[in-house]
Each structure stands twice: as structure tokens, then as C-alpha cells.
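Chains as they are written, first to last, in the numbering used here: chain A, 7 to 207; chain B, 7 to 207; chain C, 7 to 207; chain D, 7 to 207.
The beta-carbon is built from N, C-alpha and C at its ideal position, and this holds for glycine as well.
Protein chains: 4
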Amino acid sequence: MGRKTDRRIQRTRKALFDAFMALLLEKEYEAITVTEIADQANVGRATFYLHYRDKDDLLASNIEALFEEVAGRIRPLLKQSILARDTIQGRILFEEAARNKDLYLLVFRQGGTLLYDRLQRHMADLIAETLETLIMGGDSPIEISLLASYLTGALTALVKWWLENDMPCSADYMAAVAQHLIRPGMEQVALLESDWYTQKE
Amino acid sequence: MGRKTDRRIQRTRKALFDAFMALLLEKEYEAITVTEIADQANVGRATFYLHYRDKDDLLASNIEALFEEVAGRIRPLLKQSILARDTIQGRILFEEAARNKDLYLLVFRQGGTLLYDRLQRHMADLIAETLETLIMGGDSPIEISLLASYLTGALTALVKWWLENDMPCSADYMAAVAQHLIRPGMEQVALLESDWYTQKE
Amino acid sequence: MGRKTDRRIQRTRKALFDAFMALLLEKEYEAITVTEIADQANVGRATFYLHYRDKDDLLASNIEALFEEVAGRIRPLLKQSILARDTIQGRILFEEAARNKDLYLLVFRQGGTLLYDRLQRHMADLIAETLETLIMGGDSPIEISLLASYLTGALTALVKWWLENDMPCSADYMAAVAQHLIRPGMEQVALLESDWYTQKE
Amino acid sequence: MGRKTDRRIQRTRKALFDAFMALLLEKEYEAITVTEIADQANVGRATFYLHYRDKDDLLASNIEALFEEVAGRIRPLLKQSILARDTIQGRILFEEAARNKDLYLLVFRQGGTLLYDRLQRHMADLIAETLETLIMGGDSPIEISLLASYLTGALTALVKWWLENDMPCSADYMAAVAQHLIRPGMEQVALLESDWYTQKE
DNA sequence: TCCTAAGCGAGACGGTACGTCTTGTCTTCCA
DNA sequence: TGGAAGACAAGACGTACCGTCTCGCTTAGGA
């Protein structure tokens with residue numbers, strides 16, 4: 007097998023994934039059939055099964071790369087935006103969301119278990135990773151994963167509200183709201199002495 | 007048609023819903039078939055279609071009542087627990103979750119669009135309603151629905167983390183964490199003068 | 007389940023078999039698809055599988071009855087026609103073939119293993135059965151099954167030739183030919199003393 | 007293109023045919039796939055299609071030669087064995103069959119249309135050809151092709167019975183049976199005055 | 001008390017999607 | 001340049017559900 011063959015395969019796979027994403031924009035995940043995907047991709051149905059075991063496999067095989075790409079874009083923004091005093095960096099987060107509105111809405115809306123959960127998990131991991139570098143010496147008395155979950159839930163809720171309401175206000179405004187809602191609590195918790203609450207059980 | 011007949015119908019419908027909920031605890035929503043539900047309920051498959059158009063209809067027809075019941079339990083707790091200074095009332099929220107762990111995990115996990123979204127919406131409405139009475143005169147400069155979304159996202163994230171990690175700490179502890187993370191931000195925003203951020207656009 | 011249902015099932019099965027036979031008249035057995043049969047029978051493809059496992063099953067389930075019916079018609083004729091001196095009864099055999107020309111040609115042509123072999127076997131059994139009653143006391147020195155095989159092969163060869171050449175001569179004529187070709191040998195063998203050929207090995 | 011290339015091609019074709027014959031001994035014609043043939047022949051599937059259009063083509067292209075070889079062996083035997091008074095020559099026919107038992111059984115059993123019909127036709131032609139030289143001047147009142155069909159049917163029936171019953175008696179015995187069953191009829195018919203039966207229609 | 005309309009179980013049916021298999025074509029690469 | 005490898009389109013296979021339907025049985029509640 008050579009390069010040309012490889013390229014053909016990649017082209018077919020991309021066609022299938024693109025077809026799937028296109029269909030996801032217009033109907034529910036579960037309502038999409040393999041036949042539709044293959045048709046949309048101008049590919050025989052059997053060819054689909056040559057590359058993927060089923061719909062989930064198609065998604066799973068491509069979604070990681072997609073998330074990795076998004077994560078690559080978000081990662082550098084997170085550190086500053088989470089705890090930055092000004093809203094300039096936070097804004098970039100919402101701008102990113104606005105730029106890929108379709109993708110994020112898709113994930114929020116109907117990704118169901120597969121997409122939504124995966125996004126939450128990825129985002130939580132990303133945030134946890136960032137938090138760890140931030141708190142470093144500080145020894146937060148609260149489990150990082152809990153804080154990360156909170157941040158993820160809070161941020162996605164804000165983004166979701168913004169996108170679902172057709173972005174009724176500027177990214178700057180949303181960044182400011184996020185700052186005011188989230189930062190005080192984080193400061194209080196993350197900077198707290200470890201004896202602020204002594205017993206977990 | 008008389009009472010006895012009615013009661014028979016209700017019994018059949020309950021059997022179907024119970025069977026569905028039982029199946030939901032052990033497998034994914036989409037993986038459950040009408041045949042399974044009917045079998046589990048000791049009912050003919052045709053009888054299922056006599057009462058509901060499909061799986062979604064069965065869920066939709068029963069879930070509202072279920073949420074209403076949950077809402078009835080939560081509503082009184084919310085007002086106090088959200089902004090209360092002490093953690094006593096907040097604890098009740100987590101205790102409620104712990105008591106119906108299966109149900110909530112089910113909703114969080116695999117409800118997918120139908121269940122999860124509905125819960126979020128219900129909860130946001132419930133919170134918005136509570137917030138309105140709290141802020142009343144205060145004229146919050148931020149849209150109530152946005153605040154409600156944030157609160158819903160933040161709270162469900164905390165509860166989800168707690169349940170999914172097998173409740174590694176007490177409800178008291180979680181209530182305290184929630185207080186410290188959420189209240190400072192809410193206070194800052196809800197009590198803010200309307201000029202803290204002048205332009206939305 | 008009641009009579010009406012039974013009748014519906016029988017109607018469906020008959021439609022399927024009729025469709026199959028119709029298709030067999032125009033194309034090869036192996037070239038016929040389940041989809042075609044179902045379409046021709048105005049029946050859903052799934053319904054086909056509700057009644058039969060596959061094409062072979064459809065044929066096998068119906069062919070016995072069909073053969074039994076044919077056998078019922080032929081049996082009474084055989085005894086007299088095989089060894090009768092005159093050709094009157096023998097004629098009836100060829101007339102039967104002419105009347106169901108399509109069916110017999112179908113079986114001869116393309117029945118392949120399933121149909122052709124079965125017919126041969128049935129016919130050989132039928133003939134063996136007749137021979138046994140004829141020879142009765144006579145104690146033929148040759149195995150009945152061998153004689154039956156020979157008779158089957160010879161008769162079907164004649165019938166096949168006749169049908170495939172579009173019946174270029176009368177049934178009477180064919181019956182006479184059969185008489186003259188077959189009877190002398192049968193007489194010689196069946197009436198022979200058991201010492202005409204002493205050692206089998 | 008040179009001789010070496012030719013030889014390579016011939017080697018590939020032989021490998022394919024041998025593989026096919028080997029597979030025919032263990033499973034039904036229709037159940038054999040091109041993939042299996044190619045695998046068995048240690049040849050790429052595409053290579054198969056380089057030489058033959060399909061399974062039937064592979065068989066057809068090789069079977070003629072095979073039949074020609076068999077015919078070459080049988081032809082000299084036929085003339086004497088058919089009408090010979092003694093059984094010595096007739097025996098050779100059955101011995102030939104016994105020697106290639108697998109091949110003949112294969113043809114009888116599952117050759118289906120393609121193999122069986124072809125054999126019958128070839129054999130009938132062979133016999134007709136022999137008959138013509140025998141009767142020559144005699145002017146048989148019966149069509150040669152009809153006699154040939156009868157002889158073919160009768161002889162193959164005997165051979166088939168013999169092989170399928172695992173040759174329960176000697177070739178000599180079978181030859182004798184064939185003689186006694188067939189010769190009297192043939193003599194009566196072939197030597198008959200042309201007025202033995204005056205009207206065909 | 002009967003009888004009549006209902007809920008219901010059983011299951012045939014048409015339809016659609018599934019994932020697998022085979023066919024025949026085509027393209028790329030290797031020896 | 002012949003053959004190996006294998007991607008691909010096409011389409012049949014047998015299975016699983018779906019939602020509709022018709023059929024009788026049972027049973028409740030008004031006559």
C-alpha cells in the first residue's frame with residue numbers, strides 16, 4: 007500500500023465525517039442513518055463499514071482530533087482568562103464560542119451522552135490542569151476535580167445561555183459577568199486556609 | 007366506562023412506566039426497545055401502542071409529573087438554600103440528591119437531550135422564580151435567566167460530581183463548598199449598582 | 007389465534023410459492039432473490055422471513071405437497087403402464103407430462119440438485135413400490151432399487167427429450183417407443199431364473 | 007510477451023481450476039466463492055478476474071477440455087459395449103466410472119444445470135454418433151437422437167446407482183445387467199420394419 | 001343476570017435500518 | 001508488464017424493531 011492509496015482513504019474518511027457533521031446540524035444524532043451518511047458523502051454504504059463499525063465509531067474516531075484542536079485553541083486562553091482581573095482574555099473564550107457557534111450548539115443540544123459528556127470531561131481535565139499550575143504551592147483545601155467540575159458547569163452554562171439566546175449581548179459583557187460571578191468564589195476558596203472547614207465527613 | 011376500567015388503564019400505564027424506569031437504570035435510553043418495555047411490564051406490545059405513540063411519548067407523558075413531584079420537594083428548599091448564610095438548608099439539597107441517587111444519575115448520565123435538558127430547564131425556571139422574589143426591588147442589572155442558568159449549571163455540576171464520585175464527602179461539606187463558591191459572586195452581582203458595567207453591546 | 011388468521015397465513019404462503027414458481031419459469035433458481043419473490047407476491051420482504059428461512063426452505067416446504075399431488079396422479083397409471091402389453095396406459099404418462107409441460111421442463115432444466123434429485127428419488131421410489139407388487143413372488147435376481155433407477159432414468163430421458171423437442175410426435179407414439187425399448191429388457195431380467203448370472207462379485 | 011509469460015499464465019489458470027475442482031469435491035457449486043477459489047489457488051482475487059469473468063466462465067473454459075479427455079477414453083469403448091453380445095467391453099465403461107468416482111459423483115450430484123446437462127448432452131452426442139455408424143444402412147424408424155437420449159438416461163442411471171450405492175457389485179455384474187436391460191429393446195426397435203408403428207402424429 | 005362494549009394478548013404484516021458478505025471494477029504498487 | 005493488494009459501488013442476505021392491523025378472549029358495568 008502506498009501514499010496515493012492512503013490519501014484516497016483519508017479523502018473517503020473525511021467525506022464521511024463531513025457528511026455526518028452536516029447531518030448533525032439538521033437532525034438528531036439517533037435519527038441519522040448510515041445510509042444517509044453514505045449518500046451524503048457520495049460513498050457506498052458498504053464503504054462506510056469498511057472504515058467504521060458504526061455511527062458511534064465514526065464519531066469517536068474523529069471527535070478526539072476535533073476536541074484536541076479546540077483544546078489547542080482554548081488552552082492558552084484559559085490560564086489567563088480564569089483568574090485574570092480584567093475581562094480582556096475572558097472575552098476570547100466567548101469569541102471562540104461565537105465563531106464556532108454551530109459546533110458548540112450541536113454539542114450542547116443533542117450530543118447526548120457521547121458528545122456532551124466527552125466535552126465536559128475534556129474541558130474539566132483542561133481546567134483541572136490549568137488550576138493545578140495556578141494553585142501550585144497554594145495547596146487548595148478542595149479537591150481540584152471538584153473545582154474543575156464547578157468551573158466547567160458554570161462556564162458551559164454561561165456559554166450555552168449566550169448561544170441559545172442568540173448572543174443578546176457582547177462577548178465583553180459575558181466575560182465580565184463570568185468574572186464577577188466566578189472569581190470571588192474561586193478566590194475565597196482557593197486562597198482559604200486549610201482549616202476553613204475542618205472535617206469532610 | 008367506569009372507575010374500575012379507569013383503574014385498569016392506570017395500572018397498565020404505571021406498569022409500562024415502571025418497566026421503562028427499571029430498564030433505564032440498566033441500559034441506555036436508545037438501546038431500550040418497546041418490546042422490552044412491554045415484556046418487562048407483562049403487557050402485550052400492541053397494548054403499549056394503545057397508550058403511547060412511542061418511547062418518547064411514554065417518557066414525556068410521565069416525566070412532567072415526576073419533575074413536578076421533585077420540584078415540589080425542592081422548591082421550598084431553594085429560596086433559603088441559595089442565599090442563606092449558613093449551610094444547613096443547602097445541605098438539604100444534597101441530601102435530596104443522595105436519597106434519589108439513581109434517579110439523578112440516570113438523568114445526568116444518559117437522559118441525553120430529553121431528560122437532561124428538561125431537568126436543566128425546569129431547574130432554571132425554578133431558580134429564576136426564586137431569584138425574582140429575592141431580588142424583587144433590587145433591580146439586578148443582569149438578566150435573571152442568565153443568573154438562573156449559571157446557578158443551575160453550577161449546582162448540577164456540583165451534585166453530578168458528588169454522585170459520580172460516590173459521595174466521597176458529606177452533604178454538609180458539599181453545601182459549604184457550594185456556599186463559598188457561589189455566594190460571593192452572586193452577592194457581588196446581585197447587589198451591584200447598575201453602572202458597574204455600563205454597556206451591554 | 008383463529009381460523010381467519012390461519013387462512014391469512016395460508017394465503018400469504020401460497021402467494022409466496024406462486025410467485026416463486028412464476029419466477030422459476032423465467033429465470034434460474036440461483037438468480038432469484040428473496041426481494042423479487044416478495045415483490046412478485048406483493049408481500050414485505052420481512053414477511054417472507056416470517057414464514058421461511060430462505061429460498062430453499064420455501065421450496066422444500068411446498069415441493070413435497072406438489073410431488074405428492076403429482077405422485078397421486080401418476081401412481082395408478084404406473085402399474086399398468088410399465089409392463090402392460092398395449093400402449094394405452096403408457097400414453098397417459100406422456101399426456102400428464104404434456105399437460106404440465108412447464109412444471110416438468112422446469113424440474114428437468116434447472117431444478118439443479120434440489121428439484122431434479124428429489125423428483126428422481128420420488129419417481130424411483132414410486133416405481134420401486136410398483137415393481138415390488140408386480141414381481142412379488144417372482145423373486146427378481148436383481149435389486150429392485152437398481153431396476154427402479156434404470157426405469158426412472160429411461161422414462162425421464164424419454165419425457166425430457168419429448169418436451170425439449172416440443173413434442174414432435176404424439177403421446178401414443180412415445181408410449182409405443184417406451185414399450186418397445188424398455189419392456190423386452192425388463193421381461194428378460196425380471197423373469198429370469200436366479201442362475202442367469204451366478205456371482206455378483 | 008514471451009513463452010515464459012505464457013507459461014506463467016497457464017500455471018495461474020491451472021492453479022485456479024485445480025482449486026475449483028478441489029472445492030467442488032467438498033461443497034456445493036453455488037456455495038463456492040471467488041474469494042475461496044483465489045485463496046485456495048494462492049492467487050489474488052483480482053487475478054481471478056484477469057483470467058475469467060466469473061465462476062461459470064472458469065468452469066466452462068476448462069470443462070470442455072475435461073469432457074474431451076473423458077470422451078476420448080470412452081468413445082472407443084462405446085461402439086462395442088453398446089451392442090456387444092458379451093459383457094467384456096461393457097465392463098470397461100463401469101471401470102472407467104469407478105476409476106474417476108469422485109468426478110462422476112460430483113457431476114451427478116451437484117453439477118446442477120451446468121455440469122450435468124453438459125455431460126448428458128456430450129454423452130448423447132457421442133452415442134448418437136456411434137449409433138449412426140451402427141445402423142448405417144438399417145434406416146432406424148426411430149429418431150437417432152431419441153434413442154441416444156434413452157441410452158444416455160439409462161446408462162447414467164445405472165452408473166449413478168452403482169456409484170451412489172458404493173459399488174455394491176462388480177463392474178462385470180453391472181455390465182451384464184446393462185446388457186440384459188437395454189439390448190433386447192434396442193434390437194427390437196432398431197431392427198424393426200418401418201411399419202411397426204405407422205403414424206407418428 | 002345477562003350482554004355489550006372496553007381493555008387486552010397474540011401475532012401477521014409492510015416497512016426500514018442494520019451489519020455482513022460477495023461480486024466485479026478500478027487503481028496503485030512491487031518484482 | 002503481470003500479479004498482489006485492496007479500495008470501492010452495488011446490492012442481497014438474514015435479523016431486529018417499528019407502528020398498524022385484525023382477531024378473539026376476558027371482564028366490567030349498564031340493561
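Query: C-alpha gap between residue 67 of chain B and residue 35 of chain B, whole angstroms; Result: 16 angstroms
Query: Contact with chain A by residue 156 of chain B, beta-carbon distance below 7 angstroms; Result: yes
Query: Neighbour-count burial assignment, residue 156 of chain C, 16 or more Cβ in a 10 Å radius; Result: buried
Query: is_contact[residue 121 of chain B, chain A] using C-beta, thresh 7 angstroms; Result: no
Query: Neighbour list for residue 162 of chain A in chain B, Cβ cutoff strictly below 9 angstroms; Result: 159 and 163
Query: Rounded distance between the beta-carbons of residue 150 of chain A and residue 137 of chain A, thought under 8 angstroms; Result: 5 angstroms
Query: Residue 64 of chain C and residue 26 of chain C closer than 7 angstroms at C-beta; Result: yes
Query: Complete alpha helix (DSSP H) runs within the segment 98-182 of chain D (minimum length 4 residues, chain order); Result: 107-116, 124-141 and 150-170
Query: Three-state secondary structure (DSSP) of residue 35 of chain D; Result: helix
Query: Where residue 50 of chain C falls: helix, strand or coil (DSSP); Result: coil
Query: Classification of residue 97 of chain B by the beta-carbon crowding that lies within 10 angstroms, buried from 16 upward; Result: buried
Query: Integer-rounded CB distance, given that residue 53 of chain A should sit under 8 angstroms from residue 18 of chain A; Result: 7 angstroms
Query: C-beta neighbour in chain B for residue 57 of chain A, strict 7 angstroms; Result: no
Query: Exposed unless 16 or more other CB atoms sit within 10 angstroms - verdict on residue 179 of chain A; Result: buried
Query: C-alpha gap between residue 79 of chain A and residue 15 of chain D, whole angstroms; Result: 59 angstroms
Query: From D:169, D:56, D:124 and D:185, residue whose alpha carbon lies closest to that of residue 106 of chain D; Result: D:169
Query: Proximal residues to residue 108 of chain D (C-beta, below 8 angstroms), its chain only, five neighbours per side dropped; Result: 31
Query: Simplified DSSP assignment, three categories, for residue 58 of chain B; Result: coil
Query: Residue burial classification, residue 28 of chain A (beta-carbon count within 10 angstroms, cutoff 16); Result: exposed
Query: Chain-order list of residues whose beta-carbon lies under 7 angstroms from that of residue 50 of chain C (same chain, five-residue window excluded); Result: 44
Query: Cα-Cα separation, residue 164 of chain A to residue 126 of chain A; Result: 14 angstroms
Query: Length of the line joining the Cα atoms of residue 177 of chain A and residue 104 of chain A; Result: 8 angstroms
Query: Whether residue 158 of chain A touches residue 134 of chain A by CB criterion (7 angstroms); Result: no
Query: Straight-line gap, residue 189 of chain D to residue 140 of chain D (C-alpha atoms, nearest Å); Result: 14 angstroms
Query: CA-to-CA distance, residue 110 of chain B to residue 203 of chain A, given in whole angstroms; Result: Caution is warranted here: a pLDDT of 49 is assigned to residue 203 of chain A, below 50, making its placement in the model unreliable, and no coordinate value can be reported.
Query: Residue-chain proximity (residue 36 of chain D, chain C), Cβ-Cβ < 7 angstroms; Result: yes
Query: Cβ of residue 147 of chain B within 7 angstroms of any chain A Cβ; Result: no
Query: Beta-carbon proximity of residue 195 of chain A to residue 187 of chain B, cut-off 7 angstroms; Result: yes
Query: Chain C contact for residue 188 of chain D (CB, 7 angstroms cutoff); Result: yes
Query: Interface flag, residue 191 of chain A vs chain B, CB-CB below 7 angstroms; Result: yes
Query: Short CB-CB distance (under 7 angstroms) between residue 27 of chain B and chain A; Result: no
Query: Short CB-CB distance (under 7 angstroms) between residue 195 of chain B and chain A; Result: yes
Query: Whole-angstrom C-beta distance between residue 132 of chain C and residue 84 of chain C, which should lie under 8 angstroms; Result: 6 angstroms
Query: Test item: CB-CB of residue 114 of chain A and residue 61 of chain A under 7 angstroms; Result: no
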